[in-house]
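In what follows, a single structure is set out as structure tokens and then discussed.
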Amino acid sequence: MPSRRTFIKTTAAGGACLLLNPFGKAEPGGGSNPIRSYHASISIDALKKDPDLADILAGAGVKCVWTACFFQGSWHHTIEEVLEWNKFIEKKGMQAAQITIPLGHPSFTSSAPDYMPPVAVDTWKPGMRPDGRTYYGVSLHEGATHQNVEAIKKIKTTDPGIIFLDDDFRLAPSPADIGGCFCPIHQKAFLESHGYSEARWGDLLNAVQTRTLTPILREWIDQTCRELSACFKAQQEAAHPEARLGIMVMYLGSEKAGIRLPEYAGMPFRVGEGMFNDQSFNPLKGKTIELFSCLFHRRFTPPEEAFSETTAWPPDGLSAENMAAKLAISTIADVRHTMFMSGNTPFPRTHWEVLAPAMKHNAALHEKVAGHSPAGPFKHFWGEHSRMVGDDNPFSLFLALGVPFEVVEKPSDSGWTFISDSDARGLGDSQIVPGEQATWVQRIPAAQPSPRILTLEEKPETLFEWRRSILPKLKNIPYIIEEKPVVCAWYPTAGSALVWNLGYTHEKFSLSFNGNIRTLEADPLSIHLVDNLA
């Protein structure tokens with residue numbers, strides 16, 4: 000197993016700095032450098048309480064364990080302690096790496112969530128929402144960047160390879176918030192930098208409240224992005240050349256949270272997930288928006304640099320079966336590295352009995368489609384207005400209709416592009432309408448009526464009824480015949496499709512392609528490969 004430092008130098012010499020897998024022997028289905036690798040984020044405290052957990056992780060196929068010592072301004076473990084546990088992890092046949100929590104998770108009280116250490120309330124100022132409500136974490140004030148830079152200088156001495164800025168690196172309390180700190184300090188800095196009077200502050204607050212992408216709101220979002228980017232770059236410079244810096248992005252994280260996504264292209268990147276317990280993941284919509292978010296973020300990072308955010312919270316809140324099902328999301332989206340985590344407390348040991356075979360199965364499937372992009376007549380789109388002023392509710396159920404899809408950066412000139420409410424309003428205000436070969440599907444009536452803009456409720460029964468009308472138009476495209484919730488991701492350059500059963504019952508599916516029908520049996524939440532689709 001090469002050292003982390005050797006690995007960094009090797010990848011840096013490669014130009015694109017792609018994360019080649021350094022984690023030892025291949026998983027089943029892979030060569031000497033397997034496509035899929037598995038990681039676990041485990042606290043040092045958890046390993047202290049249950050040292051045998053490391054053997055369970057290694058036995059399941061985990062190749063790297065990530066620990067954390069620096070939490071939002073406070074040292075939770077010394078560098079000496081980190082080095083001690085790095086040796087422990089490496090003796091178990093796994094690699095050791097580091098995360099840091101530079102800004103902390105949002106908390107609306109001085110008592111931090113129970114998965115985080117205490118907030119440094121004496122030294123860190125709280126952030127402020129536009130309604131005046133204060134919160135701790137995910138805000139930047141004087142001194143915070145300097146403290147994190149000094150921490151990175153110490154952490155890189157542990158030879159971590161990659162340091163992830165974790166949990167999450169953003170400036171908004173939630174995915175739906177238009178972020179940035181609205182406290183008097185940031186208000187004064189913003190107005191003065193643009194030469195605005197205090198009266199313009201009211202214009203900004205009104206734009207935030209109405210989610211209207213006005214020029215002043217664009218300037219506010221730009222300032223928020225520059226603030227977060229400067230914090231990242233300062234830490235990145237501190238890490239260089241001993242370590243690379245990566246960013247953990249929350250579910251649908253984007254510019255309105257201060258994350259100017261193109262600036263992080265080519266860096267280690269944890270795609271945002273949000274369904275951390277059974278209550279949120281069980282509904283059909285929970286699965287499709289999780290997949291939607293990962294597909295969106297994959298627009299900005301190559302697969303070799305992409306890590307998942309496979310989190311359970313509370314630690315026993317996501318069943319082993321649901322956690323195993325999440326592996327399918329990374330397989331479909333070509334996210335090469337799966338990161339399991341649950342905060343300071345690990346999820347139950349028994350989860351690994353279910354996860355281990357699912358990890359091997361997904362690794363083998365991933366080999367078949369890696370490097371190939373999903374294609375299809377349905378278009379996955381999350382546009383500027385969603386990224387700047389939208390909520391966290393994309394039109395995502397189309398992914399469960401058993402019809403192939405592809406990810407687009409702008410509304411497509413063919414097929415069916417599914418539009419969020421915010422993008423529908425923004426495109427309507429711009430008086431842009433789809434071309435003759437394209438249809439937009441949205442949940443709200445069009446501001447500029449057009450025969451090419453279709454309004455549909457985002458309900459399975461409504462969408463399947465509409466699907467019947469378009470199936471005759473699907474020429475040379477595979478699709479699932481049954482009207483059951485299922486993902487059909489088609490990779491024409493691989494001659495294969497991945498079929499993911501989104502239901503909690505055993506199902507039989509029929510895949511139609513060019514007059515031929517292929518059948519498969521699918522256990523609950525299972526994913527299958529259909530190949531030789533030529």
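Count the sequence shown with numbering that gives the first Met the number 0 and you get residues 0 to 533, in order.
We put the beta carbon where it would ideally sit given N, CA and C, even for glycine.
Cβ neighbours of residue i in the same chain (closer than 7 Å, five flanking residues each side left out)
i, result
"L462", "L396, F397, L400, L455"
"V207", "P129, I177, L216"
"G14", "Confidence in G14 is poor, its pLDDT being 29 and thus under 50, which makes the residue's placement unreliable; the coordinate value appears in the next sentence. Closer than 7 Å at the Cβ level, and outside the excluded window around G14, lies no residue."
"G28", "Legend: pLDDT at G28 = 30, less than 50; position of this residue unreliable, no value from coordinates given."
"L528", "L364, K367, S495, L497"
"G414", "P376, F377, K378, A437"
"P345", "I41, A45, L52, P314"
"E26", "Residue confidence is low: E26 scores 31 on pLDDT, short of 50, so the model does not pin down where it sits. Its coordinate-derived value is still stated next. Cβ neighbours of E26 beyond the five flanking positions: P33, R35, G60, K359, A362."
"T287", "S395, L396, L398, A399"
"N513", "N475"
"N531", "G494"
"T285", "First, the amino acid is wrong: residue 285 is Gly here, not Thr. Cβ within range, chain order: M274, S279."
"A96", "C63, W65, P159, G160, I161"
Cβ pair residue i, residue j closer than 7 Å
i, j, result
"M338", "S318", "no"
"K483", "E506", "yes"
"A348", "I55", "Reading off the sequence, residue 348 comes out as Arg, not Ala. Contact: yes."
"G252", "R386", "no"
"A533", "G502", "no"
"A171", "A256", "yes"
"Y250", "P174", "yes"
"P267", "I184", "no"
"V353", "A233", "no"
"G316", "S292", "no"
"V402", "Y490", "no"
"I98", "F70", "no"
"T492", "H371", "yes"
"I78", "K124", "no"
"S419", "P459", "no"
Where the alpha helix (DSSP H) through residue i begins and ends
i, result
"I558", "Lying before the first or after the last residue shown, residue 558 is absent from the chain, which here runs from 0 to 533."
"H185", "183-193"
"S279", "277-280"
"T349", "Counting along the chain, T349 falls outside any alpha helix (DSSP H), and DSSP gives it neither H nor E."
"T223", "214-238"
"F107", "First-last for F107: undefined, no H or E at that position."
"W84", "78-90"
"R259", "No alpha helix (DSSP H) contains R259, which DSSP labels as neither H nor E."
"A39", "Counting along the chain, A39 falls outside any alpha helix (DSSP H), though it belongs to the beta strand (DSSP E) covering 36-40."
N- and C-terminal bounds of the beta strand (DSSP E) containing residue i
i, result
"F508", "506-512"
"A96", "94-100"
"C68", "63-70"
"S421", "From DSSP, S421 is part of no beta strand (DSSP E) but of the alpha helix (DSSP H) over 420-428."
"F377", "377-379"
"A437", "437-441"
"R517", "515-521"
"R243", "243-247"
"L572", "Any answer about residue 572 is impossible in this case: the structure gives the chain only from 0 up to 533."
Residue nearest to residue i in terms of C-alpha spacing, selected from the options
i, options, result
"L447", "A423, R467, L470, E464", "With the sequence shown as reference, residue 447 is identified as Gln, and Leu is not the correct amino acid for it. Selected option, being the one with the closest Cα: A423."
"H296", "E320, E254, Q278", "E254"
"A324", "N515, A39, V485", "V485"
"A57", "T300, A355, L212", "A355"
"R430", "I452, G414, S413", "According to the sequence provided, residue 430 is Gln. The question's Arg does not apply to it. For the residues I452, G414, S413, the minimum Cα distance to Q430 belongs to I452."
"A488", "F70, Y250, I331, I88", "I331"
"D165", "P214, L102, G194, F181", "L102"
"C182", "F299, S138, I220, V334", "S138"
"I357", "M322, A374, D390", "Sequence inspection shows Ala at residue 357; the Ile mentioned does not correspond to that position. The residue with the shortest Cα to Cα distance from A357 is M322."
"K47", "H76, Y37, D420", "H76"
"I135", "G382, C180, E218", "Correcting the residue type first, residue 135 is Tyr in the shown sequence and not Ile. Nearest of G382, C180, E218 to Y135, Cα basis: C180."
"T327", "D390, L290, K472", "Reading off the sequence, residue 327 comes out as Ala, not Thr. Residue L290 is the option with its Cα nearest to A327."
"A264", "S329, N281, L244, H104", "L244"
"R335", "H350, A369, R259", "A369"
"A311", "Q278, F299, T300", "Q278"
"W65", "K91, A143, F163", "F163"
Supposed contact pair residue j and residue i - C-beta distance, whole angstroms, cut 8 Å
i, j, result
"A555", "K155", "For residue 555 there is no data in the structure shown, the boundaries of the chain being 0 and 533."
"V388", "R199", "About 18 Å; that fails the 8 Å criterion."
"G425", "L203", "The pair is not a contact, with the Cβ atoms about 18 Å apart (cut-off 8 Å)."
"E408", "R298", "6 Å"
"I43", "W84", "5 Å"
Residues near residue i by beta carbon distance below 6 Å, same chain, minus five either side
i, result
"D522", "H505"
"H379", "L294, F404, V406"
"S509", "I480, I516, T518"
"S525", "N500"
"P433", "W439, R451"
"A11", "For A11, the pLDDT reaches just 31, beneath the cut-off of 50, and the residue's location in the model is therefore unreliable, although a value from the coordinates is still provided. The answer is none, since no qualifying residue turns up."
"G126", "Y134, S138, C180"
Short CB-CB distance (under 7 Å) between residue i and chain B
i, result
"G427", "Looking at the structure shown, chain B is missing, and only one protein chain is on hand."
Residues near residue i in its chain [Cβ-Cβ closer than 8 Å; skip 5 each side]
i, result
"R132", "F107"
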